[in-house]
Amino acid sequence: MDSKLTWSWRLLAPPPLFIFAISSFWFIALGLKVISLAWEVLGVIKAQTSNLMEDARTYRVRGSSIWAFSKSARAEG
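Going letter by letter, the sequence shown gives residues 13 to 89 in the numbering used here.
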């Protein structure tokens, strides 16, 4: 009687390969989500760095033109 009960529970249980496939799918999906989020974060960091570099270049150009103007103003005056 006990062996029949065990056998019937084995028939109801999903096969190990099915469980492995489902868990593998979820691990792969989770890994892809993590990679996607990391890629997005790197893109934001790159954009922010690019903006900072552009601001620094603009300031440097403005600063040098102001410096040139003040030197020419001192030379004239």
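Positions of the beta carbon are idealized from the N, C-alpha and C atoms, including for glycine. What you are looking at is a predicted structure, and each value in this text was computed from that prediction instead of being measured.
- Just so you know, the alpha carbons of L44 and D67 end up roughly 34 Å apart.
- Linking L42 to V53 through their CA atoms gives a straight-line distance of about 17 Å.
- Here DSSP, grouped into helix, strand and coil, assigns P28 to helix.
- It is roughly 37 Å from the alpha-carbon of M65 to the alpha-carbon of I40.
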